[in-house]
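The structure appears right after this line, and notes come after that.
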């Protein structure tokens with residue numbers, strides 16, 4: 001071994017090193033590629049995708065989290081974007097596709113700003129200020145849920161593509177009844193029992209929800 005060669009040099013000798021402008025552009029392109037893979041699945045009118053694994057098993061879904069989970073991504077930035085969406089899923093159980101699309105567009109805009117001469121640190125500071133403004137303004141844009149019909153529409157939008165359409169009304173009804181039975185101000189750890197759930201010939205029976213006394 002050459003006395004000037006370090007262990008780190010040997011470890012990284014087969015590693016491609018990219019820095020500067022090329023690294024920035026490559027990272028943004030990777031994020032946009034992930035966004036492009038799930039963009040068409042967004043919303044209640046999102047399109048389904050056919051996924052085929054190594055064993056030839058076919059899955060039809062328009063759930064962004066499911067699509068990304070099946071993806072074999074090697075680019076570090078793309079992996080980071082996917083991990084961000086997974087964190088969103090853990091926090092809210094929804095919004096994974098929206099998170100990726102917004103993140104990718106922020107990076108796309110940041111790249112354009114760097115081409116205009118702005119330093120990345122300045123762009124980050126601008127985004128942080130924008131976040132503060134959004135947090136202040138969003139509550140004023142919120143609309144109260146005035147009726148069960150409103151709630152039913154919200155639930156339908158959220159889960160409409162995740163379950164069979166024949167079960168949508170039933171599941172929406174159960175979700176509303178469950179939330180009403182819990183009520184506001186109860187402890188997070190309050191236990192609930194689900195009684196009499198039956199699955200016969202593909203049909204889900206109507207269960208009863210009641211708090212543990």
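In the working numbering, the protein residues as written are 1 to 213. Idealized CB from N, CA, C, for every residue including glycine. Being a predicted model, the structure only gives us computed values, none of them experimental.
Counterpart residues of residue i in DSSP-defined beta bridges
i          : result
residue 49 : 61
C-beta contact flag for residue i and residue j at 9 Å
i           : j           : result
residue 159 : residue 170 : no
residue 222 : residue 42  : Outside the displayed span of the chain (1 to 213) sits residue 222, for which this structure offers no information.
residue 32  : residue 146 : no
residue 100 : residue 34  : yes
residue 61  : residue 53  : no
residue 75  : residue 110 : no
residue 124 : residue 155 : no
residue 44  : residue 122 : no
Chain-order list of residues whose beta-carbon lies under 6 Å from that of residue i (same chain, five-residue window excluded)
i           : result
residue 91  : none
residue 152 : 172
residue 27  : 77
residue 24  : none
residue 70  : 51
Spatial neighbours of residue i in its chain, beta-carbon cut-off 7 Å, leaving aside the 5 residues before and after
i           : result
residue 4   : For residue 4, the predicted model reports a pLDDT of 49, less than 50, meaning its position is unreliable; a value from the coordinates is still stated below. So the list is empty, once near-sequence residues are dropped.
residue 8   : The predicted position of residue 8 is uncertain, since its pLDDT is 48 and thus under 50; a value taken from the coordinates is nonetheless stated next. None.
residue 108 : 28 and 32
residue 65  : 85, 89 and 96
residue 2   : Because the pLDDT at residue 2 is just 48, under 50, the model does not fix this residue reliably, and the value given afterwards should be weighed accordingly. Same-chain partners within the cutoff: there are none.
residue 94  : 158
residue 148 : 176
Endpoints, the alpha helix (DSSP H) within which residue i is located
i           : result
residue 74  : No alpha helix (DSSP H) contains residue 74, which DSSP labels as neither H nor E.
residue 33  : 20 to 38
residue 151 : 148 to 159
Cβ shell of residue i (< 8 Å), same chain only, five flanking positions each side left out
i           : result
residue 215 : Residue 215 lies beyond the range of the chain shown here (1 to 213); nothing can be said about it.
residue 106 : 127
residue 139 : none
residue 73  : 34, 79 and 82
residue 201 : Residue confidence for residue 201 is low, a pLDDT of 44 falling below 50, so the modelled location carries little weight; the figure read from the coordinates is stated next. Correct list: empty, nothing qualifies.
Open item on the list: Which runs of the alpha helix (DSSP H) at least 4 residues long sit entirely within the segment 99 to 144? Give them in chain order.
Closed with: Here the runs fully enclosed are 120 to 141.
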